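Enquirer:
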Amino acid sequence: MISEYIDHPKEADNFNEDFQRTTWHDETLWFIREKRDKATKSLPEWEELRDMAAAIKSNVLSNLDDYLIEFETNAIKNGIQVHWALNAEDHNKIVHNILLKHKVKKMVKSKSMLTEDCHLNQYLESKGIEVIDTDLGERIVQLDNQPPSHIVLPAIHLKKEDVGEIFHKHLGTEKGMSNPQALTETARIHLREQFLSGGAALTGVNFAIAETGGIAICTNEGNADLGVHLAPVHIASMGIEKIIPKLEHLGVFTRVLTRSATGQPITAFTSHYHGPRKGAEMHIIIVDAGRSEQLGREDFRKSLNCIRCGACMNTCPVYRRSGGHSYGYTVPGPIGSILSPGIDLKKYSSLPFASTLCGSCSDVCPVKIDIHTQLYKWRQIIAKEGKMPFAKKQGMKLMNYVFSRPSLYRLLGKVGRNVLGILPRFMMYNSLNAWGKARELPTPPKESFREWYLRNKK
Amino acid sequence: MKVALFVPCYIDQFYPQVAIATMELLTKLGCNVDFPLNQTCCGQPMANSGCEKDAISTGMNLVANFTGYDYIVGPSGSCVLHVREHYSKLPQTKEVTKVRNNIYELSEFLTDILQIQSLEANFPFKVGLHQSCHGQRGMRLSQCSELNQPYYSKIVPLLKLVKGIELIELDRKDECCGFGGTFCVSEEAVSARMGIDRINDHIKNGAQYITAGDSSCLMHLEGLLKRKGSSVRIIHLAELLNSSIN
Amino acid sequence: MNQREQILSAVKKNKPQSTPLPEMKLFDGQCDSILDKYVESLNKIGGTCKIIDRTEDINMIVKSQFSDLGQVATNMQEVLIANIDLKEITDPHQLEQVNIAVLHGELAVAENGAVWLEGKQIIHQAIPFITQHLILVIERENIVENMHVAYSKINIERPSYGVFIAGPSKTADIEQSLVIGAHGSRSLLVLIR
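Protein chains in written order, with this note's numbering: chain A, 1 to 458; chain B, 1 to 246; chain C, 1 to 193.
(1) Of all the CB atoms in chain B, is at least one closer than 7 angstroms to the CB of W24(A)?
(2) Closest by CA to E23(C), which one among L61(A), K127(A), K246(A)?
(3) Under 7 angstroms, Cβ to Cβ, is there at least one residue of chain E near G47(C)?
(4) Check whether chain A comes within 7 angstroms of R84(B), counting only Cβ atoms and requiring the distance to be less than that.
(5) Could you tell me which chain A residues have their CB closer than 7 angstroms to the CB of P16(B), listed as they occur along the chain?
(6) Which residue marks the beginning of the beta strand (DSSP E) containing G162(C), and which one marks its end?
(7) Throw me the rounded Cβ distance for the R137(B) and C358(A) pair, which I believe falls under 8 angstroms.
(8) I believe I58(C) touches V79(C) by the beta-carbon criterion, under 8 angstroms. Please report the beta-carbon distance rounded to the nearest angstrom.
(9) Identify the residues that DSSP records as bridge partners of I225(C): which are they?
(10) Closer than 7 angstroms by C-beta to D7(A): which residues in its own chain qualify, once you throw out the five before and the five after it? Chain order, please.
(11) For the alpha helix (DSSP H) containing A187(A), name the first residue and the last one.
(12) Do you know offhand how far P44(A)'s Cα is from N220(A)'s?
(13) By a C-beta neighbour count over all protein chains shown, 10 Å radius and 16 as the cutoff for buried, is F71(A) buried or exposed?
(14) Can you find a CB in chain B that lies within less than 7 angstroms of the CB of V318(A)?
(15) Identify the residues that DSSP records as bridge partners of E106(C): which are they?
(16) Is the distance from the Cβ of A216(A) to the Cβ of A166(C) below 7 angstroms?
(17) Does the count of Cβ pairs from the region 143 to 153 of chain C and the region 95 to 115 of chain C closer than 8 angstroms reach three?
(18) Counting only C-beta atoms, is A55(A) closer than 7 angstroms to chain C at any point?
(19) For R301(A), I'd like the list of residues in its chain whose CB is within less than 7 angstroms of its CB, leaving aside the five on either flank, ordered along the chain.
(20) Do P16(B) and F353(A) have their beta-carbon atoms positioned less than 7 angstroms apart in this structure?
(21) Taking Cβ-Cβ distances below 7 angstroms as the criterion, which residues of the region 241 to 255 of chain A are in contact with chain C?
(22) Could you tell me the alpha carbon to alpha carbon distance between L120(A) and N179(A), rounded to whole angstroms?
(23) How would you label A64(B), buried or exposed, when you count the other beta carbons within 10 angstroms and need 16 or more for buried?
(24) To the nearest angstrom, how far is it from the Cα of A238(B) to the Cα of L106(B)?
(25) Looking only at its chain, what residues have a beta carbon closer than 6 angstroms to the beta carbon of K126(B), apart from the 5 residues adjacent to it on each side?
(26) Less than 7 angstroms between the beta carbons of I166(A) and I140(A), yes or no?
(27) Mapping the DSSP letters down to three states, classify Y152(B) as helix, strand or coil.
(28) Determine the direct distance from the alpha carbon of T134(A) to that of L42(C), and round the result to whole angstroms.
(29) Where M399(A) and S49(B) are concerned, what is the direct C-alpha to C-alpha distance, given to the nearest angstrom?
(30) Apart from the five residues just before and just after Q71(C), which ones in its own chain have a Cβ nearer than 7 angstroms to its Cβ?
(31) For the region 197 to 230 of chain A, which segments carrying the alpha helix (DSSP H) assignment without a break, of at least 4 residues, lie completely within its bounds, in sequence order?
(32) Would you verify that the beta carbon of N400(A) is, or is not, closer than 7 angstroms to some beta carbon of chain B?
(33) Hey, how far is the Cα of Q122(A) from the Cα of G128(A)?
(34) Along chain B, which residues have their Cβ under 8 angstroms away from the Cβ of I382(A)?
(35) Along chain A, in chain order, which residues have C-beta atoms closer than 7 angstroms to that of S145(B)?
(36) Short of 7 angstroms in beta carbon distance, which residues of its chain neighbour I180(C), apart from the five on each side in sequence? Order them along the chain.
As structure tokens, then:
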């Protein structure tokens, strides 16, 4: 279990070894945050839309079982085959069975964080089925055998030279080619072949409409559509929380989603699937995988509002300077740090601490998830559980720093018994001069304010 | 007006001049300032590390010290916000509720309660304002860059009352400095990097001084400035508003 | 219990107390000229726009824009330059070589430049995606202000497919450099009549 522990500070430390690259990563994502600001400020009703989106999601969560049944009933009427999966294993088996039935050797797949989380690609590959990620960013990281580092921009951690190298290795492009236009054209030609030869297309789901039994999928590249419209089988995987009650609610969500994600007014393609095309099959897999459990956690259920726009990643000063991979979870950044502890508290116990609680994530969130408050609340649970290595360690680091410097200790000692009361818990371990690595300590004053006050005012 | 001065522990120990300036400023503005002698810490460092429960007696001590005052003023958005928000975990006695309701951050108190229109202060330097997060997004002391809301600030108009001051514009007006309490040591690499980016923004835009409503952010930024050998200095908002440099 | 029942019962057990749906609003009446706003939005998302007087002009415009037409497909009778009959095509893979598709759109949205296409009307759902270049024809009076109004006008027949297309396909997956022409159309021209 210990080997599985995600050590965010350590990963972040590695990331920061390359100062220039960290600058580049931060500035690239900040640029998207600025585009988002511009787009959201062009709508006078922006804050009202956030309120509406949050209220719709709250209604969904509070009636979710009814909406799921309504959705299923209508989807079946539309000729869609509906499947239910308790967990990743179930989900992967359902996909595999559909592919077996149709003797599919190659499946094209558009972006789906859910299937990333289920490790579907690895599963299907172990069964001899080729899976082609068709979103450009996802294809890049897939070719290089990496996980995505961002939910909207999967290859945002890579520079164009890196992509050129990956394409040179896997697609046979000229060495040193790094022009994004030329690289994209290479991928276009390569992926067209895949679309044309896909035996099935798997997509994620952005919104599932209970009232109509259909799903909406948003992409900029058009890859979900190209895959689905050419393949004889369409499989759409969705978490139970993707439900929205009515078609009219898409008015709110299509307006907030892309403005938050990239600053565009809408994605290039917003597709509405209400059944298979003639001669084809359409399947929807409704997946729980920990979501119903999260729904039962009063303090954390609001995290299920998430529409996966990625705005909290782009705004997070920690994410921008530690990179998506440092989180070790499919959904990185602030939202991932409140979702992952519900999946595996011990493994992800460092993530709620990978934040200054600055609150920017909560303010950019289009569905008003109180992300930084939930981070704080997970910290309380992690500390209470006691077994978690992280809460203890970090407190120890600070307190131990104090105890290893008698003059500082004496100084801080004056703060009083209440603080002292908690110190012994953290006393026994190693010393790490974390403050002083990059910073000087303040010059200790001759007297504290209290001493000054007693001398001057009494 | 009788005011109780709340001095956060790290100000008491490391930056007594900030508390002195706060006291002098409030006195100058006609307040009768008390300093309850047995105050210690608000408990935030423990709570933010996940040890909220361990901070309850610390919180109760703070409440005991400040019971009976109509106005409690502290030169720290972070600590004041902690009392206001996270003392919801203390038993909600009459005293606790009253302290939560009556505690103010300095700029908020000057703007909302005293509603000051003028100040006897001089500070002939270029100053960059660091918006500390808990004051900014926690207490909404000024317009937040993430939100679609009209411009306002409870701090900038106060700074503009100071003679000689020149406020500089930043590229990123309210990004976190990376202090974050225990975050500054537990996530040392990111914390330091965030702070470096903040000071570089101020330096690039010509600041001679960086000011903020929280000494914790300033301690972090000062540590980085000193290590860099920069001539840019830090000054707490209270010191700046109480300054008489000609 | 099967998986469906397990999930539904867990959801039922764990869901919070019911909260109401918010009242929906259209947020319309904000812009002076819906047409101007549409043109502005379309330009911002990488599309271009022409206002045409007569539907027959489409033929001339397309010819003037493309020196080599290649395969041209359409769902509009007036488009005489078309050389692919979509109704004759049985397998969408046969559309692989289509260079230009001229398609009639049902509705357009001023706030973001999007055009609504219906699967049944375009005959093959793949066509607006597989074509190298896309030309959409809309009526001036069918441009609405925003997505709220758009959804209030759309009638989803079921089963069906429908799509809002806003601009040519694009990606910024490599270092945030915007590249037009990811997998779908390399260009989008909207003709307003």
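Glycine included, every Cβ here is placed at the ideal spot set by N, Cα and C.
Note that the structure is a prediction, hence the values are computed from the model and not measured.
Expert: This is what the structure holds:
(1) No, its Cβ sits nowhere closer than 7 angstroms to a Cβ of chain B.
(2) For E23(C), the closest C-alpha among the options L61(A), K127(A), K246(A) is that of K246(A).
(3) You won't find chain E in this structure, because its protein chains are A, B and C.
(4) Under the 7 angstroms criterion on CB atoms, R84(B) is classed as non-interfacial with respect to chain A.
(5) Within chain A, the C-beta atoms nearer than 7 angstroms to that of P16(B) come from P445, E447, S448, F449, W452, in chain order.
(6) Unbroken beta strand (DSSP E) run through G162(C): 160 to 165.
(7) Confirmed, Cβ separation roughly 7 angstroms.
(8) With 8 angstroms as the limit, I58(C) and V79(C) qualify as a contact, their Cβ atoms being about 6 angstroms apart.
(9) Chain C is shown only over 1 to 193; residue 225(C) falls outside these bounds and no answer can be derived.
(10) The answer, listed in chain order, is S350.
(11) Its alpha helix (DSSP H) spans residues 180 to 197.
(12) Straight through space, the alpha carbons of N220(A) and P44(A) are spaced by roughly 25 angstroms.
(13) Buried: at least 16 other Cβ atoms inside 10 Å.
(14) Closer than 7 angstroms to some Cβ of chain B, the Cβ of V318(A) qualifies, so yes.
(15) The partner list for E106(C) (beta bridge, DSSP) is empty, contrary to what the question assumes.
(16) Between A216(A) and A166(C), the C-beta spacing is not below 7 angstroms.
(17) Yes, since at least three Cβ pairs between the region 143 to 153 of chain C and the region 95 to 115 of chain C fall closer than 8 angstroms, the two stretches touch.
(18) The beta carbon of A55(A) sits closer than 7 angstroms to some beta carbon of chain C.
(19) So the qualifying residues of the chain are L61, Q294, L295.
(20) Cβ distance not < 7 angstroms, so F353(A) and P16(B) don't count as in contact.
(21) Listed by position, the residues of the region 241 to 255 of chain A near chain C (Cβ gap below 7 angstroms) are P245, L247, E248, L250, G251, T254, R255.
(22) Near 32 angstroms, if we compare the C-alpha coordinates of N179(A) and L120(A).
(23) Exposed, by the Cβ-count rule.
(24) Counting only the Cα atoms, L106(B) lies some 8 angstroms from A238(B).
(25) Shown here for K126(B): same chain residues with a beta carbon closer than 6 angstroms to its own, the five before and five after excluded, namely E166, I168, G206, A207, Q208 in chain order.
(26) When the beta-carbon positions are compared, I166(A) and I140(A) come within less than 7 angstroms of each other.
(27) Note: Y152(B) maps to coil in three-state DSSP.
(28) Distance between the alpha carbons of L42(C) and T134(A) is about 26 angstroms.
(29) Note that M399(A) scores a pLDDT of 45, beneath 50, so its modelled location is shaky and nothing firm can be said.
(30) Within the same chain, Q71(C) has close Cβ partners N83, I84, Q97, V98, N99.
(31) Positions of the alpha helix (DSSP H) runs, each at least 4 residues long and wholly inside the region 197 to 230 of chain A, are given as 223 to 230 in order along the chain.
(32) Interpretation of N400(A) is limited by its pLDDT of 44, a score under 50 that renders its predicted location unreliable; the figure taken from the coordinates is listed afterwards. It does not; no Cβ of chain B falls within 7 angstroms.
(33) One C-alpha to the other measures close to 10 angstroms.
(34) Within 8 angstroms Cβ-Cβ: G50.
(35) Under the 7 angstroms cutoff, chain A gives D37.
(36) The beta carbon of I180(C) sits closer than 7 angstroms to the beta carbons of G46, P168, K170, R186 from its chain, once the five residues preceding and following it are set aside; these are given in chain order.
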